[in-house]
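Single-structure report; data block below.
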Amino acid sequence: MTNNKLTTSWGAPVGDNQNSMTAGSRGPTLIQDVHLLEKLAHFNRERVPERVVHAKGAGAHGYFEVTNDLTKYTKADFLSEIGKRTPMFIRFSTVAGELGSADTVRDPRGFAVKFYTEEGNYDLVGNNTPIFFIRDAIKFPDFIHTQKRDPKTHLKNPTAVWDFWSLSPESLHQVTYLMGDRGIPATLRHMNGYGSHTFKWTNKDGDGVWVKYHFIADQGVKNMDVNLAAKLAGENPDYHTEDLFNAIEEGNFPSWTLKVQIMPLEDANTYRFDPFDVTKVWSHKDYPLIEVGKMVLDRNPENYFAEVEQATFSPGTLVPGIDVSPDKMLQGRLFAYHDAHRYRVGANHQALPINRPKNEVSNYQRDGQMRFDNNGGGSVYYEPNSFSGPTEVPEHKQAAYAVSGIAESVSYDHNDHYTQPGDLYRLMSEDERARTVANIVGAMKPVEIEEIKLRQIQHFYKADPEFGTRIAEGLGLKVPQEVK
Ligand code: HDE
1 MTNNKLTTSW
11 GAPVGDNQNS
21 MTAGSRGPTL
31 IQDVHLLEKL
41 AHFNRERVPE
51 RVVHAKGAGA
61 HGYFEVTNDL
71 TKYTKADFLS
81 EIGKRTPMFI
91 RFSTVAGELG
101 SADTVRDPRG
111 FAVKFYTEEG
121 NYDLVGNNTP
131 IFFIRDAIKF
141 PDFIHTQKRD
151 PKTHLKNPTA
161 VWDFWSLSPE
171 SLHQVTYLMG
181 DRGIPATLRH
191 MNGYGSHTFK
201 WTNKDGDGVW
211 VKYHFIADQG
221 VKNMDVNLAA
231 KLAGENPDYH
241 TEDLFNAIEE
251 GNFPSWTLKV
261 QIMPLEDANT
271 YRFDPFDVTK
281 VWSHKDYPLI
291 EVGKMVLDRN
301 PENYFAEVEQ
311 ATFSPGTLVP
321 GIDVSPDKML
331 QGRLFAYHDA
341 HRYRVGANHQ
351 ALPINRPKNE
361 VSNYQRDGQM
371 RFDNNGGGSV
381 YYEPNSFSGP
391 TEVPEHKQAA
401 YAVSGIAESV
411 SYDHNDHYTQ
421 PGDLYRLMSE
431 DERARTVANI
441 VGAMKPVEIE
451 EIKLRQIQHF
461 YKADPEFGTR
471 IAEGLGLKVP
481 QEVK
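All residue numbers for the sequence shown refer to the UniProt record's numbering, where the first residue is 1 and numbers rise by one.
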């Protein structure tokens, strides 16, 4: 602040900010009080639409430092040498709740990372779970409808939630994960992050591998007791937000070790699970974790709206050496995110300070709302041209790869929805199994239609007979004969 003078948004000094201009002390108010009009009108426009999912979130700045040489797999510049540091920004979030909803709910957590690399921004927009509920983007709006408020009562609707899940058996793995201890993290610092989907790395020779990302919390994974979570949801709905802010403010910087699983391209055709099915994980025995680097969060946002609310991430924000895979969910997200940002923040959202790359943006895009930079000045504004405008970088064309198949709307041909949730249940300690069963019984009790409960019990039973039987008993029902 230079001279601390109060001004209007057009920079003129404000004479009086406490009293509207009126005829006499009792009014009426004069419409010529343009400071009053501007102040009220801007106030009406302070909110941008909240994110349609992941509305409640918390963000932090930090850096990523490479600790392992993986240049044989990827030419990505920010991974090009051990010790290289890249500034980054992360936004954690819940999924279903509105902007003012509670942090400590049972819900996946968004784990969206923006790396400001020297070759443009790279966004890794994942969750704190390695899998997801569905595996085709076309089902996402319906799925989210069941997670949001019933259009008639404006209340959450467990019958809709379990009706959708029981009719979408591919959701069983993520439902089991969500209903387990990791469904409510103790803090945002004590949870892992995952890219969830399979991506593709390409090295400087154009050789590719499939890759899955794992951010392993160096402070360990800790989960929240359901009773404490319910208490905090009422007493301090911003508990996770506050914890992250205070930890960083106090210099207690949380960090994660980024690791990857690497799969040779040809394995995708023979692996026992479809590696592009985001409801499935790859066994760590088959594809062990390989360290990449460390992410440290060491700076809080200066301004929540400017940095966290306006941050825009997309799985389509890619850099050379990193591509997508055929994963149908990932493919759908490539449209959805920038479309959401154009609607929510504006056509030039990537020019906002929090989203702007650190390297120079040089292209022929012009104009659009809120174009507050020089809009390319007088430089050439089309291509091809004879005026030395920016030209393509052929060595960074996306690596070609073969695709095949008949164009049709076709469902997956890999439909084992039970092995992996059953393995997950059997991996749990007895205590966690008991808590998971109790969480599911508690969540399913309010479902109004018994047929939905029985349908869902069959899925849990197919994953593991003990799992399904304990849930049925908890609900006072019997496992349907036909599934035994
Ligand atoms: Fe999202 N998702 N998503 N999602 N998602 C959004 O983008 C979408 C999915 C995730 O902190 C939206 O700006 C579709 C999987 C995070 O700003 C939207 C599908 C995963 C965030 C959107 C998915 C995610 C979002 C909402 C099915 C984990 C918050 C507003 C194909 C791997 C990012 C917005 C932030 C946000 C669409 C599924 C993670 C609407 C269509 C799977 C972390 O664009």
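C-beta atoms are modelled at their ideal positions from N, C-alpha and C, and glycine is treated no differently.
It should be emphasised that the depicted structure is a prediction, and the values quoted were computed from it without experimental measurement.
For V113, the distance from the CB to the nearest heavy atom of the ligand HDE is not below 6 Å. Only residues of its own chain outside the window of five on either side were considered, and among them T198, S325, P326 and D327 have a CB closer than 6 Å to the CB of F276, listed in chain order.
In the DSSP assignment, A233 falls outside any beta strand (DSSP E) and lies within the alpha helix (DSSP H) extending over V226 to E235.
Counting along the chain, L155 sits inside no beta strand (DSSP E), nor does DSSP assign it H or E at all.
Under the criterion of beta carbons closer than 8 Å, H190 and Q147 do not qualify as touching, at roughly 24 Å.
The closest CA to that of T202, considering only E242, P264, I248 and K222, is found on P264.
Within the DSSP secondary-structure output, W201 pairs in a beta bridge with V209 and I322. For L427 and F460, the gap between their C-alpha atoms comes out near 15 Å.
If you check the CB distance, G62 and D298 come in under 7 Å. Judged by beta-carbon spacing, D323 lies beyond the 7 Å limit of K204, meaning their Cβ atoms are not closer than that value. Residue pairing by DSSP puts V260 in a beta bridge opposite Y213 and I290. For N269 and K56, the gap between their C-alpha atoms comes out near 39 Å. Of the heavy atoms belonging to the ligand HDE, none sits nearer than 6 Å to the Cβ of G62. Distances from the CA of G183 to each of D107, H417 and I248 were compared; the closest alpha carbon is that of D107. In this structure, the beta-carbon distance from I457 to A434 does not fall below 7 Å.
Beta-bridge pairing by DSSP links H61 to F89 and R299. Look at the beta carbons and you see the segment 77 to 91 not touching the segment 38 to 45: under three pairs across the two are nearer than 8 Å.
Spatial neighbours of E309 in its own chain (CB-CB distance under 6 Å, excluding positions within 5 residues in sequence) are not present. With fewer than 16 neighbouring CB atoms inside 10 Å of its own CB, Q481 falls in the exposed class.
A distance below 6 Å between beta-carbons, with the five flanking residues on each side excluded, links F245 to the following residues of its chain, in chain order: N300. Taken from the Cβ of Y337, at least one heavy atom of the ligand HDE lies inside 6 Å.
Taking the C-beta atoms as reference points, T312 is found nearer than 7 Å to N355. In summary, G368 is exposed, with fewer than 16 beta-carbon neighbours lying within 10 Å of its beta-carbon over all protein chains present. Checking the DSSP bridge columns, you'll see F115 partnered with M88 and Y122.
Assignment of beta-bridge partners to S255 by DSSP yields V296. DSSP places N44 inside the alpha helix (DSSP H), whose first and last residues are V34 to N44. The beta-bridge partner set that DSSP reports for V483 is empty. Placement of the Cβ of V345 at a distance of 6 Å or more from every heavy atom of the ligand HDE is found. Just measuring C-alpha positions, the residue of V53, F111 and M179 sitting nearest F467 is M179. When the Cα atoms are used, F133 and S362 turn out to be separated by approximately 39 Å. Closest in alpha carbon position to H54, among V14, S93, F43 and K445, is S93. Shown here, V66 sits in a strand according to DSSP, grouped into three states. Look at H54: its beta carbon is less than 6 Å from one of the heavy atoms in the ligand HDE.
Note that the C-beta distance between G208 and A402 is not below 7 Å. In the DSSP assignment, P185 forms a beta bridge with N223. Straight across, the Cα-Cα distance linking L99 with E50 is about 7 Å.
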